[in-house]
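Before any comments, here is the structure.
In my numbering, the protein residues as written are 3 to 134.
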């Protein structure tokens, strides 16, 4: 793993510390790289007893990018951290938002507590997806 990916992983892991997960007990963090100098937008999952009202870390970070005025389609790199030794891909709702808001050449990385990681393009996550 190169230095840039290590920084991305650490930013996503840092975000997971703030997760509100009383039901799943599975804190996930996401970080979207804004600059190569290490400026990130971070998001964490926030659960609710009305499960459909919960928000994933990936969507949390993407929503913050819109709220901060980052133009949709310009975000190139997202890192997602999940605890444990297994790597998971984003859920369907997150895949749709990634497709719509990330750059055409965006890369999404999944990290866990091991040195392993996975990466996808937004089109690999949601092939034949729909967008404006």
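For every residue, glycine included, the Cβ atom is placed at its ideal position computed from N, Cα and C.
Residue i versus residue j - alpha carbon distance
{"i": "residue 41", "j": "residue 70", "result": "13 Å"}
{"i": "residue 129", "j": "residue 76", "result": "20 Å"}
{"i": "residue 87", "j": "residue 111", "result": "15 Å"}
{"i": "residue 101", "j": "residue 47", "result": "19 Å"}
{"i": "residue 82", "j": "residue 12", "result": "10 Å"}
{"i": "residue 26", "j": "residue 79", "result": "27 Å"}
{"i": "residue 96", "j": "residue 61", "result": "6 Å"}
{"i": "residue 106", "j": "residue 24", "result": "36 Å"}
{"i": "residue 140", "j": "residue 109", "result": "Past the boundaries of the shown model lies residue 140; the chain is included only from 3 to 134, so the question cannot be answered."}
{"i": "residue 64", "j": "residue 37", "result": "15 Å"}
Residue from the options with nearest C-alpha to residue i
{"i": "residue 15", "options": "31, 27, 37", "result": "31"}
{"i": "residue 17", "options": "97, 23, 44, 52", "result": "44"}
{"i": "residue 9", "options": "21, 33, 23, 19", "result": "33"}
{"i": "residue 91", "options": "122, 37, 131, 66", "result": "122"}
{"i": "residue 35", "options": "132, 133, 72", "result": "72"}
{"i": "residue 84", "options": "133, 67, 113", "result": "113"}
{"i": "residue 104", "options": "37, 52, 132, 74", "result": "74"}
{"i": "residue 22", "options": "50, 6, 39", "result": "50"}
{"i": "residue 99", "options": "131, 89, 120", "result": "131"}
Buried versus exposed call for residue i [16 or more other C-beta atoms within 10 Å across all chains shown]
{"i": "residue 126", "result": "exposed"}
{"i": "residue 55", "result": "exposed"}
{"i": "residue 3", "result": "exposed"}
{"i": "residue 118", "result": "exposed"}
{"i": "residue 58", "result": "buried"}
{"i": "residue 29", "result": "buried"}
{"i": "residue 93", "result": "exposed"}
Neighbourhood of residue i by C-beta distance below 7 Å, restricted to the same chain and skipping five residues each side
{"i": "residue 116", "result": "87"}
{"i": "residue 133", "result": "101, 102"}
Residues near residue i by beta carbon distance below 6 Å, same chain, minus five either side
{"i": "residue 20", "result": "46"}
Close-in-space but distant-in-sequence residues of the same chain around residue i (CB under 8 Å, 5 per side omitted)
{"i": "residue 68", "result": "74, 103"}
Quick one: complete alpha helix (DSSP H) runs, 4+ long, within the region 69-132? 94-103, 124-127
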